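Engineer: A single structure is presented below for examination.
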Amino acid sequence: MPDRIVSHFHEQAGWCRDLGSPFTAQLLIALARDFKATGITHALVSEWSGNPRRDALGLRLVGALHHAALNGSAPALSAIYPAHNPGWTMATVWPVVEAYLKTKGDTVRAFLQSAPQTNETRRCIALLPGFLDLAARHDRPMDLLELGASAGLNQNWDHYAYRTANWQRPGPSDVVISTEWTGPAPAHLGASPTIRSRAACDLNPLDITDDAEALQLKSYVWADQPARLARLDGAIALARKTGLKVDKADAADWLETQLSQRRPEGLTVIYHSVFLIYPPPETRERIRAFIDTAGAAATPEAPLAWLCFEPEPLFGGEPASGMMRTRLQTWPGGAARFLNQSDGHVTSVRVLAEA
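If you're matching positions, the sequence shown starts at 3 in the numbering used here and goes up one per residue.
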């Protein structure tokens with residue numbers, strides 16, 4: 003296990019570096035170095051019983067540190083974090099981190115028990131072309147079902163404004179989702195979806211009406227990414243206004259119930275983003291089976307759509323690509339196509355030819 007933990011920390015550091023967080027990357031490298039030297043990091047996580055990669059152990063640990071920097075309980079830690087120390091170097095950051103870990107080990111261990119939840123709202127811009135396409139092709143109200151919704155912020159996708167260098171779509175809120183965009187603009191930017199209902203589930207949803215849980219969600223955003231942090235603050239404020247709700251439930255059980263209660267008319271849209279990699283294989287197969295069964299029963303008056311942004315290997319892509327694709331499948335008929343490709347944080351989007 004020790005070798006797996008060090009390898010995981012280094013792998014996660016590479017992903018953080020590639021996704022624009024040098025602070026988190028260097029912090030993970032420092033934690034790996036301390037672990038190998040049997041320092042405080044080793045004492046805290048060497049007996050981790052699960053799979054460190056699957057459990058995102060590195061993100062749990064840096065989340066615990068960011069949480070302490072945000073909540074006011076560790077002024078020395080807060081002072082050396084990027085928000086208050088833009089000229090940070092790990093040479094000055096690490097001694098403070100190490101001291102915090104040594105004195106607050108019980109607090110850190112408690113925080114590590116919760117799985118990271120990023121609820122990355124920028125994934126909505128990858129899903130947007132699918133929603134707009136459905137709105138343009140089906141003159142019917144939408145009933146939205148989101149799986150693995152975390153705190154549920156992506157239920158408000160139609161309230162956000164979207165902006166790229168070559169196209170934009172205004173929204174009724176001041177939350178702006180922006181990214182680099184390669185390829186043509188979405189075909190139906192002027193479409194106006196009619197949302198009749200919104201429902202969502204997660205195994206462990208965070209309640210953003212609770213300040214403590216909202217802060218926990220924020221702690222998983224990487225500390226040197228102020229734009230992401232500000233966008234999350236805006237999305238949380240909006241969600242509190244719109245009254246979003248996320249059911250605590252197993253995704254397959256919840257979806258079976260929701261699909262059994264479909265209305266006889268209207269468009270049902272099942273959607274999710276970077277979710278399918280987390281449930282066990284048997285749960286994924288149950289979800290697919292429920293969708294296939296509901297799709298077979300779909301009619302022109304009550305069509306069904308499955309819109310998702312997931313890692314390429316789940317749909318036959320390259321296992322080592324590290325990229326995600328947006329896929330849209332609709333019934334009656336079951337036709338499926340890929341719309342775009344991006345990384346997990348949607349720092350850039352490339353439109354695919356078949357879109």
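Note that CB positions come from ideal geometry on N, CA and C, so glycine has one too. Since we're looking at a predicted model, the values are computed, not measured.
1. Do residue 351 and residue 183 have their C-beta atoms closer together than 8 Å?
2. If we call anything under 8 Å between Cβ atoms a contact, is residue 153 one with residue 210?
3. Name the residue from 303, 334, 39, 286 whose alpha carbon lies nearest to the alpha carbon of residue 312.
4. Within the same chain, show all residues whose beta-carbon is closer than 8 Å to that of residue 163, passing over the 5 residues directly before and after it, in chain order.
5. Rounded to whole angstroms, what's the CA-CA distance from residue 66 to residue 317? Just pull it up for me.
6. Assign residue 192 to one of two classes, buried (16 or more other C-beta atoms within 10 Å of its C-beta) or exposed (fewer than that).
7. Alpha carbon to alpha carbon, what distance is there between residue 61 and residue 31?
8. If we ignore side chains and look at the alpha-carbon of each, how far apart do residue 110 and residue 305 end up?
9. Taking buried to mean at least 16 other C-beta atoms within 10 Å of its own C-beta, is residue 250 buried or exposed?
10. Compare the Cα-Cα distances from residue 200 to each of 46, 161, 224 and report the closest residue.
11. At what residues does the alpha helix (DSSP H) containing residue 73 begin and finish?
12. Alpha carbon to alpha carbon, how far is residue 261 from residue 238?
13. How do the segment 331-345 and the segment 291-308 stand: do at least 3 beta-carbon pairs fall below 8 Å, yes or no?
14. Tell whether a beta-carbon distance below 8 Å holds between residue 84 and residue 25.
15. So does the segment 132-144 actually touch the segment 268-277, counting three or more Cβ pairs closer than 8 Å?
16. Can you name the start and end residues of the beta strand (DSSP E) that residue 273 belongs to?
17. By alpha-carbon positions, which one of 52, 226, 79, 122 ends up nearest to residue 116?
18. Alpha carbon to alpha carbon, what distance is there between residue 203 and residue 142?
19. Can you check the segment 63-148 for any alpha helix (DSSP H) of at least 4 residues that lies completely inside it and give the ranges in chain order?
20. Kindly indicate which three-state DSSP category residue 341 falls into: helix, strand or coil?
21. Go ahead and pull the three-state DSSP assignment for residue 312.
22. Going by the CB atoms, is the gap between residue 158 and residue 148 shorter than 8 Å?
23. Please report the distance separating the alpha-carbon of residue 79 from that of residue 307.
24. Could you name the residues of the same chain whose beta carbon sits closer than 6 Å to that of residue 264, not counting the 5 residues immediately before and after it, in chain order?
Structural biologist: On the basis of the data shown:
1. Position 349 of the sequence shown holds residue 351. Position 181 of the sequence shown holds residue 183. Residue 351 is a Cβ neighbour of residue 183, given a cutoff of 8 Å.
2. Counting from one through the sequence shown, the residue named residue 153 turns up at place 151. Counting from one through the sequence shown, the residue named residue 210 turns up at place 208. Yes. Within cutoff.
3. Locating residue 312 in the sequence shown gives position 310, where the first residue counts as 1. Closest by alpha carbon: 286.
4. Within the sequence shown, the letter at position 161 stands for residue 163. So the list reads 170, 171, 172, 173, 175, 176, 177, 178, 179, once near-sequence residues are dropped.
5. Position 64 of the sequence shown, counting from 1, holds the residue named residue 66. Position 315 of the sequence shown, counting from 1, holds the residue named residue 317. When rounded, the distance between both Cα atoms is 34 Å.
6. Here residue 192 refers to the residue found at position 190 when the sequence shown is read from its first residue. With fewer than 16 other CB atoms across the displayed protein chains lying within 10 angstroms of its CB, residue 192 is exposed.
7. On the sequence shown, position 29 is the one that residue 31 refers to. On the sequence shown, position 59 is the one that residue 61 refers to. C-alpha separation (whole angstroms): 12 Å.
8. Indexing the sequence shown from 1 puts residue 110 at position 108. Indexing the sequence shown from 1 puts residue 305 at position 303. In this model, residue 110 and residue 305 are separated by some 48 Å (Cα to Cα).
9. As a working note, residue 250 is residue 248 in the sequence shown. Exposed.
10. Taking the sequence shown and counting its residues from 1, the one referred to as residue 200 is at position 198. It is 161 whose Cα lies nearest to the Cα of residue 200.
11. By one-based count along the sequence shown, residue 73 stands at place 71. Element bounds for residue 73: 59-73.
12. Along the sequence shown, read from residue 1 onward, the residue named residue 261 stands at position 259. Along the sequence shown, read from residue 1 onward, the residue named residue 238 stands at position 236. C-alpha separation (whole angstroms): 28 Å.
13. yes
14. Walking along the sequence shown from the start, residue 84 turns up at place 82. Walking along the sequence shown from the start, residue 25 turns up at place 23. Their beta carbons are under 8 Å apart, which means residue 84 touches residue 25 by this criterion.
15. yes
16. Along the sequence shown, read from residue 1 onward, the residue named residue 273 stands at position 271. Residue 273 -> beta strand (DSSP E) spans 269-275.
17. Residue mapping note: residue 116 aligns to position 114 of the sequence shown, counting from 1. Selected option, being the one with the closest Cα: 52.
18. Here residue 142 is taken as the residue at index 140 of the sequence shown, counted from 1. Here residue 203 is taken as the residue at index 201 of the sequence shown, counted from 1. Each residue's alpha carbon lies about 24 Å from the other.
19. 77-82, 92-105, 107-114, 126-139
20. On the sequence shown, position 339 is the one that residue 341 refers to. DSSP places residue 341 in strand when its eight states are reduced to three.
21. Translated into the one-based positions of the sequence shown, residue 312 becomes position 310. DSSP places residue 312 in strand when its eight states are reduced to three.
22. As a working mapping, residue 148 is identified with position 146 in the sequence shown. As a working mapping, residue 158 is identified with position 156 in the sequence shown. Contact: no.
23. Numbered from 1 along the sequence shown, position 77 holds the residue referred to as residue 79. Numbered from 1 along the sequence shown, position 305 holds the residue referred to as residue 307. Their backbone Cα atoms lie some 47 Å apart in a straight line.
24. Position 262 of the sequence shown, counted from the start, is the residue given in the question as residue 264. Closer than 6 Å at the Cβ level, and outside the excluded window around residue 264, lie 270.
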